[in-house]
Amino acid sequence: MAKRLINTSVTLNVIGGLLFIMGTLMLSTLCFAIYYKEPILPLLFSSLITIGTGTILKLTTISSKDAEIRKRDGYLIVTMGWLSMAVFGTLPYLLTGAIPTVTNAFFETMSGLSTTGASILDNIEEMPRAILFWRSLTQWIGGMGIIVLTIAILPMLGIGGMELFVAEAPGPTKDKIHPRIKETAKRLWVIYVALTTLQTILYLFAGLSFFDAINHALTTNSTGGFSTYQDSIAFFNSPIVEYITILFMFLAGTNFTLLYFGLKGKFKNILSNDEFRWYLSAVLGLVIFITPIVYTQVGDASFLSTFRTVLFQVVSVITTTGFASADFTTWGSLVTFIFFLLLFSGASAGSTSGGIKIVRIIVLMKNGFLEFKRRLHPNAVIQVQLNNQPVPGLIIYNLLAFIFLYLFIFTIGSMVMTGLNVPFMEAVSSVATSLGNVGPGIGELGPSHSFSQVPAAGKWVLSFLMLFGRLELFTVALLLTPYYWKRN
1 MAKRLINTSV TLNVIGGLLF IMGTLMLSTL CFAIYYKEPI LPLLFSSLIT
51 IGTGTILKLT TISSKDAEIR KRDGYLIVTM GWLSMAVFGT LPYLLTGAIP
101 TVTNAFFETM SGLSTTGASI LDNIEEMPRA ILFWRSLTQW IGGMGIIVLT
151 IAILPMLGIG GMELFVAEAP GPTKDKIHPR IKETAKRLWV IYVALTTLQT
201 ILYLFAGLSF FDAINHALTT NSTGGFSTYQ DSIAFFNSPI VEYITILFMF
251 LAGTNFTLLY FGLKGKFKNI LSNDEFRWYL SAVLGLVIFI TPIVYTQVGD
301 ASFLSTFRTV LFQVVSVITT TGFASADFTT WGSLVTFIFF LLLFSGASAG
351 STSGGIKIVR IIVLMKNGFL EFKRRLHPNA VIQVQLNNQP VPGLIIYNLL
401 AFIFLYLFIF TIGSMVMTGL NVPFMEAVSS VATSLGNVGP GIGELGPSHS
451 FSQVPAAGKW VLSFLMLFGR LELFTVALLL TPYYWKRN
């Protein structure tokens with residue numbers, strides 16, 4: 001008897017589990033609602049609906065809980081799981097009336113779960129505290145989900161050459177997928193929770209309230225960038241707060257496998273990692289180049305203050321966090337263009353950052369330079385190396401396909417947004433920042449503004465671009481091809 005094309009029961013079982021976890025975490029918003037004397041019932045109903053739906057899905061598919069998850073099922077589970085969480089994540093916004101329209105609520109939720117950080121809110125300080133906490137928590141949930149996804153799940157699916165990026169990670173094997181994923185996820189959770197807790201404590205010592213500390217710790221380690229204030233980190237006007245945020249943004253943009261090595265005392269693994277060295281060099285190089293330019297334009301700021309501001313913005317954008325301590329779009333055309341390019345790069349693979357990822361850029365650059373050598377020596381076998389290991393040709397082909405698809409989606413998305421009468425610069429940057437999961441764009445969508453002015457249709461387009469970018473493109477794109485829905 002031929003196997004079914006898609007194991008629907010397995011898919012619904014996993015989605016049910018995700019919704020149950022999400023609904024349970026949603027209950028934590030009640031603590032802030034009670035403390036700040038805000039309405040409780042809308043949040044309670046949101047949580048119960050989500051938990052109830054998840055429970056029903058789990059119970060009705062209980063016979064499939066131990067079934068094998070095939071590669072074809074994996075693509076569907078990852079995509080539909082993220083969409084399901086985004087749909088149910090809108091409930092706190094809708095039922096409390098904090099964000100009354102479905103379009104805006106879905107945009108805000110998808111921006112949270114994808115750790116993009118683009119927001120439609122123009123009155124953040126006026127929002128209920130419990131809702132602001134839920135907003136931050138969606139990013140933290142999404143960040144942890146991405147870590148587990150990129151280090152444990154995607155290698156199993158063979159998406160985008162991810163095997164290269166996590167070769168040293170304790171990821172799954174074909175023989176023991178479930179046990180190894182559980183083992184990996186447990187280690188990652190410990191690191192993720194530890195970083196969040198440590199940052200919260202440091203924020204408290206820096207003078208932040210517990211509410212501000214926990215919210216910004218949640219959205220920093222997820223490289224999400226949601227803040228409890230319209231002015232973002234600039235609201236605090238505190239060098240200490242900025243340096244703490246810079247440190248944890250940088251750590252969150254580092255491959256979590258390397259962070260695990262660091263905790264084990266294997267610092268040689270970190271320092272010898274090509275991607276980490278490029279990541280660190282890119283941050284330092286950009287700061288050294290941009291700081292003098294900005295310093296000459298901002299006459300009332302000291303050089304040290306300018307250095308800190310530039311460092312903050314560079315780390316924020318390259319890690320796709322999206323926090324702001326200043327508006328980089330006011331620093332001149334050259335600097336604005338540099339930051340526009342950073343919307344595409346992202347930080348390390350295996351981190352919570354979005355974008356193309358530095359490791360892909362490294363491999364493609366090395367391959368491009370070696371092509372000149374191959375032209376001179378056509379019979380020589382010349383391989384690209386990463387971390388002193390040869391990179392298989394198949395992975396390079398996968399990377400080329402990824403870059404092509406990334407630029408193709410960016411082009412089509414930009415055309416659609418301009419077709420919706422969004423000004424060119426805002427249209428192009430909104431697509432770049434959504435696909436790269438960064439947050440702020442350029443022009444009227446820059447760090448000092450929100451996405452509230454984007455047309456409703458444009459918000460739906462950007463929401464799905466966030467999903468595409470967050471799930472490494474191929475995960476979602478494959479579902480849109482006829483190949484996925486045909487039997488081989």
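The letter at position 108 of the sequence shown is residue 108 when you use UniProt numbering, and the numbering goes up by one with no holes. The beta-carbon is built from N, C-alpha and C at its ideal position, and this holds for glycine as well. This structure is a prediction, so every number in the text was calculated from the model and none was measured.
Which stretch, first to last residue, makes up the alpha helix (DSSP H) that contains threonine 50?
-> Counting along the chain, threonine 50 sits inside the alpha helix (DSSP H) bounded by residues 41 to 60.
By the 10 Å Cβ neighbour count, where 16 or more other Cβ atoms means buried, how is glutamine 297 classified, buried or exposed?
-> Classification of glutamine 297: exposed, given that the 10 Å Cβ count is below 16.
Per-residue burial, valine 428 [other beta carbons within 10 Å of its own, 16 or more giving buried] = Flag for valine 428 reads buried.
For the alpha helix (DSSP H) that contains isoleucine 318, what are its first and last residues?
-> Segment 303 to 318, the alpha helix (DSSP H) holding isoleucine 318.
Check the DSSP bridge columns for leucine 389 and list the partner residues they point to.
-> Sequence check: residue 389 is glutamine here, not leucine. Beta-bridge analysis with DSSP links glutamine 389 to Leu386.
Quick one: Cα of glycine 74 to Cα of tyrosine 192, how far?
-> About 24 angstroms.
Which of helix, strand or coil DSSP assigns to tyrosine 279 = Helix at tyrosine 279.
Output yes or no for whether 8 angstroms exceeds the beta carbon distance between serine 348 and glycine 469.
-> Contact: no.
C-alpha gap between threonine 291 and phenylalanine 307, whole angstroms = Cα-Cα distance, rounded: 6 angstroms.
What's the gap between the Cα of methionine 466 and the Cα of threonine 79?
-> Straight-line Cα distance between these residues: approximately 12 angstroms.
With burial defined as no fewer than 16 other Cβ atoms inside 10 Å of the residue's Cβ, what is the status of threonine 300: buried or exposed?
-> According to the sequence as given, residue 300 is aspartate; it is not threonine. By the 10 Å Cβ count, aspartate 300 comes out exposed.
What first and last residue would you give for the alpha helix (DSSP H) that runs through histidine 377?
-> Looking at the DSSP string, histidine 377 is not in any alpha helix (DSSP H), and its letter there is neither H nor E.
In the DSSP assignment, find the unbroken alpha helix (DSSP H) run with aspartate 212 in it and report its ends.
-> Note, aspartate 212: alpha helix (DSSP H), 210 to 221.
Would you kindly check if the distance between the Cβ of serine 136 and the Cβ of leucine 204 is under 8 angstroms?
-> It is not a contact, given that the beta carbons lie outside the stated cut-off.
From leucine 91 to phenylalanine 410, what does the alpha carbon distance come to, in whole angstroms?
-> It is roughly 30 angstroms from the alpha-carbon of leucine 91 to the alpha-carbon of phenylalanine 410.
Anyone know if the C-beta pair for threonine 433 and phenylalanine 424 falls short of 8 angstroms?
-> Contact flag unset, no.
Do you know whose CA, among Ser430, Phe303 and Ile396, lies nearest leucine 341's CA?
-> For the options Ser430, Phe303 and Ile396, the alpha carbon positioned closest to that of leucine 341 is the one of Ser430.
On the premise that tryptophan 460 lies in contact with threonine 103, defined as a C-beta separation below 8 angstroms, what is that separation, rounded to the nearest angstrom?
-> Confirmed, about 7 angstroms.
So isoleucine 124 packs on tyrosine 229, CB below 8 angstroms; how close in whole Å?
-> Confirmed, about 6 angstroms.
Local conformation of asparagine 269 per DSSP, three classes | The three-state secondary structure of asparagine 269, taken from DSSP, is helix.
Which of helix, strand or coil does DSSP assign to aspartate 231?
-> DSSP places aspartate 231 in coil when its eight states are reduced to three.
Could you give the residue range of the alpha helix (DSSP H) that holds phenylalanine 236?
-> Where phenylalanine 236 is concerned, there is no enclosing alpha helix (DSSP H), given that its DSSP letter is neither H nor E.
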